[in-house]
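Visitor: Input: one structure, supplied below.
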Amino acid sequence: MAEVRLLALNAPGEVKESPSVALLEVGSEIPVAPGSLLGVALDAWFPAKIVASAVNAVRPGGRVVGPTVIPPPPELAVLAHDDMYWVAQKAPDVVKLSRANR
Numbered sequence: 389m390a391e392v393r394l395l396a397l398n399a400p401g402e403v404k405e406s407p408s409v410a411l412l413e414v415g416s417e418i419p420v421a422p423g424s425l426l427g428v429a430l431d432a433w434f435p436a437k438i439v440a441s442a443v444n445a446v447r448p449g450g451r452v453v454g455p456t457v458i459p460p461p462p463e464l465a466v467l468a469h470d471d472m473y474w475v476a477q478k479a480p481d482v483v484k485l486s487r488a489n490r
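Going by the working numbering, the sequence shown opens with residue 389, and the numbers climb by one from there.
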């Protein structure tokens, strides 16, 4: 099994850092490389800039879970939803094929 570390953004005080949980205090950007996260779970209190930063941080083909009070960003394809949450996937990278010159 692969080791996965959870990044908890602006977590309440009762959440403690551990080997599997890292705590991050962020303003409007998540300080990770674009396409570096397997997935993200959004909370209803996330402002639009953090939502956009989170989607940018998810790798192509990665998943995003969000509450229905936040509409799914247009670059995501919704896979499932209920009254409280939606689950979406970021589109995979498309490799353009072209014929080589001879």
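Each residue gets a CB set at the ideal place from its N, CA and C atoms; glycine is no exception.
Which ranges does the alpha helix (DSSP H) cover as unbroken runs of at least 4 residues, wholly within the stretch 423-461, from first to last along the chain?
Guide: Fully enclosed alpha helix (DSSP H) runs of 4 or longer: 436-445.
Visitor: For Val392, tell me which candidate among Ala440, Pro407, Ala399, Val403 has the shortest Cα-Cα distance.
Guide: With distances taken between Cα atoms, Val392 lies closest to Pro407.
Visitor: Identify which residue in Gly454, Gly450, Ala465, Leu426 has its Cα closest to the Cα of Ala436.
Guide: Among Gly454, Gly450, Ala465, Leu426, the Cα nearest to that of Ala436 is on Gly454.
Visitor: Verify the contact flag: Leu394, CB atom, against every heavy atom of the ligand MG, threshold strictly below 7 Å.
Guide: Questions concerning the ligand MG fall outside what the structure shown contains, since it holds no ligand whatsoever.
Visitor: In the DSSP output, what is Asp406 paired with across the bridge?
Guide: Checking the sequence shown, residue 406 turns out to be Ser, not Asp. According to DSSP, which records beta bridges pairwise, Ser406 is partnered with Val409.
Visitor: Leaving out the 5 sequence neighbours to the left and right, which residues in its chain are closer than 7 Å to Ala479 when beta-carbon positions are compared?
Guide: For Ala479, where only same-chain residues beyond five positions count, the Cβ hits under 7 Å are Pro448, Glu463, Ala465.
Visitor: Rounded to whole angstroms, what's the CA-CA distance from Met472 to Leu425? Just pull it up for me.
Guide: Their Cα atoms are separated by approximately 23 Å.
Visitor: Please confirm whether Leu411 and Ala396 have their CB atoms less than 8 Å apart.
Guide: Taking 8 Å as the Cβ cut-off, Leu411 and Ala396 qualify as a contacting pair.
Visitor: If we call anything under 8 Å between Cβ atoms a contact, is Ala445 one with Val428?
Guide: In contact: Ala445 and Val428 (Cβ atoms closer than 8 Å).
Visitor: Can you give the Cα-Cα distance for Val409 and Leu430, rounded to whole angstroms?
Guide: Cα to Cα, the separation comes out at about 16 Å.
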